[in-house]
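In this note's numbering, the protein residues as written are 356 to 1242.
Here the structure comes first, spelled out in structure tokens, and everything after it is commentary.
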Amino acid sequence: MQRSVYSFGNGRADGTRDMKRTLGGKGANLAEMTNLGVPVPPGFTIAADQCMTYLANSQVTEELRQEVATALSQLEEASGKRFGDASNPLLVSVRSGAAVSMPGMMETILNLGLNDATVAGLAAASSNPRFAWDSYRRFVQMYSDVVMGVPIHRFEQLLATKRLVTGAASDAELSAEALQSLVGEYHQLVHAVTGQPFPHDPQVQLWGAIEAVWQSWTLKKAVDYRRVNSIAHDLGTAVNIVSMVFGNMGDDSGTGVAFTRDPSTGEHRFYGEFLVNAQGEDVVAGIRTPLPIEEMAQRLPGAYEQLLETQHRLEQHFRDMQDIEFTVERGKLYLLQTRTGKRTTPAALRIALDMVDEGLITPRDAVKRIQPAQLDQVLHRVIAATAHATPIAVGLPASPGAASGMAVFDPDVAEQRAQRGEQVVLVREETTPEDFHGIVAARAVLTARGGMTSHAAVVARGMGKCAIVGCAALEISHEQRSMKVGDVTVTEGEWLTLDGGTGRVFLGDLPTQPSEVMRVINGVVAPEDAPSYQRFHRLMTWADEDRRLRVRANVDTPRDARVARNFGAEGIGLCRTEHMFFEGDRITAMREMIVARDEGGRRRALDKLLPMQRADFEGIFQAMDGLPVTIRLLDPPLHEFLPHGGEESSLLAASLGLSRQELQRVVSALRETNPMLGHRGCRLGIVFPEITEMQARAIFEAAVRAQRRGIDVRPEIMVPLVSDVSELRHQRAIIERAAEQVMGVMGDQVQYLVGTMIELPRAALTADEIATEADFFSFGTNDLTQTTFGLSRDDAGRFLPHYLDRGLLPDDPFQVLDVKGVGKLIRMAVRDGRDTTPGLKVGICGEHGGDPRSVTFCHESGFDYVSCSPFRVPVARLAAAHAALAS
Ligand code: PEP
Ligand code: MG
356 MQRSVYSFGN GRADGTRDMK RTLGGKGANL AEMTNLGVPV PPGFTIAADQ CMTYLANSQV
416 TEELRQEVAT ALSQLEEASG KRFGDASNPL LVSVRSGAAV SMPGMMETIL NLGLNDATVA
476 GLAAASSNPR FAWDSYRRFV QMYSDVVMGV PIHRFEQLLA TKRLVTGAAS DAELSAEALQ
536 SLVGEYHQLV HAVTGQPFPH DPQVQLWGAI EAVWQSWTLK KAVDYRRVNS IAHDLGTAVN
596 IVSMVFGNMG DDSGTGVAFT RDPSTGEHRF YGEFLVNAQG EDVVAGIRTP LPIEEMAQRL
656 PGAYEQLLET QHRLEQHFRD MQDIEFTVER GKLYLLQTRT GKRTTPAALR IALDMVDEGL
716 ITPRDAVKRI QPAQLDQVLH RVIAATAHAT PIAVGLPASP GAASGMAVFD PDVAEQRAQR
776 GEQVVLVREE TTPEDFHGIV AARAVLTARG GMTSHAAVVA RGMGKCAIVG CAALEISHEQ
836 RSMKVGDVTV TEGEWLTLDG GTGRVFLGDL PTQPSEVMRV INGVVAPEDA PSYQRFHRLM
896 TWADEDRRLR VRANVDTPRD ARVARNFGAE GIGLCRTEHM FFEGDRITAM REMIVARDEG
956 GRRRALDKLL PMQRADFEGI FQAMDGLPVT IRLLDPPLHE FLPHGGEESS LLAASLGLSR
1016 QELQRVVSAL RETNPMLGHR GCRLGIVFPE ITEMQARAIF EAAVRAQRRG IDVRPEIMVP
1076 LVSDVSELRH QRAIIERAAE QVMGVMGDQV QYLVGTMIEL PRAALTADEI ATEADFFSFG
1136 TNDLTQTTFG LSRDDAGRFL PHYLDRGLLP DDPFQVLDVK GVGKLIRMAV RDGRDTTPGL
1196 KVGICGEHGG DPRSVTFCHE SGFDYVSCSP FRVPVARLAA AHAALAS
């Protein structure tokens, strides 16, 4: 029989760190720490699969009850205390712990085992009745809230009243007697609200808590968190039952959280916060602003020395930055948790590179540790130096990036406003897991209380979202939906700008500027003056050594081509030539071409366009010297270029010598019911071959000119929206004829390729035939997704979110490639195309080319390259390295 309960304590454990799937992250690491000899209070873990079994059957199996009973008696032996023993009671914490960390998302109960009898035992054992009654009151409050559903504010009301009638300024001033009578009032409240007495039997308490932890897997906030972080819903959570140690036993006790390196900058220094005479939840919940960890050296010197040594040992053992929770009970240190610490991207880069230099990990490990999507953070904007604004307040810089938005003070309002397309900054006294949907909706988060490890800080950092926490100068009124800082009042809807890298809060919507990495890429700052760029570059160089896929960029101008190259692009995978026709006087020549009555008129207009196109292409070839440049022939329907009425139409009619009615007739004749499926793509070049001819000539003339200037040109001409090989054959013939003519006249040879986009299902289905005419395939997955799903690219936004909310589709197929359907067509087309033409070059140029999961698919499907927007190039490079390392 497979066991479901794993014990740890007194130097030996049933589990190890490799059992995260079974024990959850927390349970696996508690076991590992025990095995390492780190002081951990004894306890046991119920395996995560039991959560799913319970949720499916709504009852606890007899086998599990037996196993828990056995583990509990072992725990009693290990701790020398007995569960429910009135003279020396064993008290436990009951906590969730999933395989993937979900900070603050599920339930925790402390001090379980207390009742009217055992409280006396705790008072005697600790010689501190006040402490015992305070622990009991906390337990009743927590348990009744989590397990019995009594609203927490009802307890807080009673607590506030008790302070008032006893004249206590804070909870700490409440006497043992006051707390004792408060517990009595709590019991009455529970009975009044639920109709049931508070359970005194520790066994009943224990199972109530375990079931509540299991149930918490299905809470909205937990489900939302898993959805946002792509965590499987069927993992379930393990339950950790650990004997209590008390950080609130007096001034020789305390509790804290710490990171083995700075989670914000990555600096190699022990970084953390602690509270004297407090329980763990006080630190994490951000209720009291804690002290910096260095002060522990004075307050709790012995424990501090041991903590320093332990954190170092844990980091060396796990070979990664650790986030630890500890408690000191009467001078003795206990570790309650260790896990891989969440960090900002700048910190992640610095830690990974430092650890390579320290010999802890290899360059390949470093590459694997940075998630492609994380790179966005070092490309984040910062507040422009020209803003010259004075901050209204400064808080802790919890998560970098600069962001502006309208202040909102309620997570539901944040969500509603964001759904209306507004930019919001969520401002809270502190955040709790209940605020998660508001944090998701906000551009940035600002809190008045809590430290770098508070809920807001941890969650925002994990999401790569700008956050400032512990901004004590803020006086927030949630009722009035406003905040005050000195004599400035900010009400809901007023703009704020936050700089999460420095902790500064500004009024208004300030201009932002590119990050340091971006400034180097844009050529404004020299690499040697930019340490964060150097780290980025070093890691990307390692990633490049590991990947097999090439990465190109989708760009349309010489300037963007240069930027793309600085991002590491290895060519252009898509130059959308229509974008070149929209600017300035080009649009007039283009319009002349469209309204021309005959081929002669069209050619005259095209002759005007040719030099403009040629100049663009020459600039692009120069920027991409030595690298392939894929130029796509004109794609969109012609009416997109025409004016949509009014003054613009009158001006155009006049400049073309047409009456407004004549122009209107042309425009009407071109209008289509369904332009996406209409006269666009190669269908234009087939009906008007002179367009293809002009574009081909412009490309070859530019290529010859550039080549004469010593530039290594590699044009790849791409035909859009092909559905039958005959279309490609037709266009190819025109292109080849233009090549012969240009090279004949100019007397220079240029190597080039002619290929096609595969962006219609019929093209994929007949790829074997199409390959006879193609030197390469480039998958246009925007159109291929649109046409495979029969889902309009332009209209899907209206209803697709409903599909995602209801789980009918796992992802937006326009962002993450639909491997099941669209991917099947792609795989088939690659296979059939290469059967016809072995070694056929294959790439992708739809938006998916910059999405990490889609890049993985392209790697696995044997693509030669992916192409994406310049900003996504580093993401795609890293994703390609990850894909190669995983296969
Ligand atoms: C595509 O369809 O994927 C593509 C790249 O072309 P466009 O987005 O220009 O239609
Ligand atoms: Mg397309």
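Beta carbons are placed, not taken as given, at the ideal position from N, Cα and C, and that holds for glycine.
Bear in mind that the values here come from a model prediction, so they are computed numbers and not experimental data.
- Contact annotation: the region 655-662 does not touch the region 575-593, with fewer than three C-beta pairs closer than 8 Å.
- Ranking Glu847, Trp569 and Leu862 by CA distance to the CA of Leu853 puts Leu862 first.
- One residue list follows from the rule of a beta carbon closer than 7 Å to any heavy atom of the ligand MG, given in chain order as Asp990, Pro1075, Leu1076, Met1112, Glu1114, Gly1135, Asn1137 and Asp1138.
- Per DSSP, Trp850 is not a residue of any alpha helix (DSSP H); the beta strand (DSSP E) it occupies stretches across Trp850 to Asp854.
- Val860 and Ile747 do touch by the CB rule: their CB atoms are close to 6 Å apart, below 8 Å.
- For the set Cys406, Pro394, Leu391 and Met948, the Cα lying nearest the Cα of Leu378 is the one of Cys406.
- Gln1106 sits in coil when the DSSP states are folded into three classes, being neither helix nor strand.
- Not one heavy atom of the ligand PEP falls within 7 Å of the beta-carbon of Leu993.
- Taking a 10 Å sphere around the C-beta of Phe1154, we find fewer than 16 other C-beta atoms and assign the residue as exposed.
- Under DSSP, Ala822 shares a beta bridge with Ser754 and Val800.
- Under the three-state reduction of DSSP output, Gln677 falls in the strand class.
- In the displayed model, Glu830 falls within a strand according to three-state DSSP.
- Here Val910 carries a coil assignment [DSSP, helix/strand/coil].
- At a Cβ-Cβ threshold of 8 Å, Gly1110 and Ala1129 count as neighbours.
- If you draw a 10 Å sphere on the C-beta of Ile716, you find 16 or more other C-beta atoms in it, and that means buried.
- The beta-carbon separation of Leu445 and Asn466, rounded to 11 Å, does not stay under the 8 Å limit for a contact.
- Assigned with DSSP and collapsed to three states, Val1230 falls in helix.
- Short note on Gly1201: C-beta closer than 7 Å to some heavy atom of the ligand PEP.
- In this model, Met457 and Thr786 are separated by some 15 Å (Cα to Cα).
- Rounded to whole angstroms, the separation of the alpha carbons of Leu730 and Asp971 is 31 Å.
- The shortest CA-to-CA distance from His588 to any of Leu410, Ile876, Gln771 and Ala1094 is the one to Leu410.
- Of the heavy atoms belonging to the ligand PEP, none sits nearer than 7 Å to the Cβ of Arg1227.
- With contacts defined as CB atoms closer than 8 Å, Ile586 and Ile401 fail to qualify as a contacting pair.
- Between the C-alpha atoms of Leu929 and Asp1190 there is a straight-line separation of about 25 Å.
- For Leu929, the shortest separation between its Cβ and any heavy atom of the ligand PEP lies below 7 Å.
- Considering only Ala527, Ser887 and Arg685, the residue with the shortest C-alpha distance to Leu708 is Ser887.
- Around the Cβ of Pro397, a 10 Å sphere holds 16 or more other Cβ atoms; the residue is buried.
- Ranked by Cα distance from Val880, the first of Asp901, Asn921 and Val910 is Asn921.
- If you draw a 10 Å sphere on the C-beta of Val1221, you find 16 or more other C-beta atoms in it, and that means buried.
- Judged by pairs of C-beta atoms under 8 Å, the region 550-567 touches the region 496-504, as three or more such pairs exist.
- Looking at Gln1050, Gly1040 and Ser448, the one whose alpha-carbon comes closest to that of Leu469 is Ser448.
- In this structure, the straight-line span from the alpha carbon of Thr896 to that of Glu871 is close to 18 Å.
- C-alpha of Gly380 to C-alpha of Val594: approximately 11 Å in a straight line.
- With a cutoff of 8 Å on beta-carbon distance, Asn603 and Asn584 are scored as not near each other.
- Distance between Asp489 and Leu534, taken at the CA atoms: about 6 Å.
- According to the DSSP assignment, Gly1198 belongs to no alpha helix (DSSP H) but to the beta strand (DSSP E) extending over Lys1196 to Ile1199.
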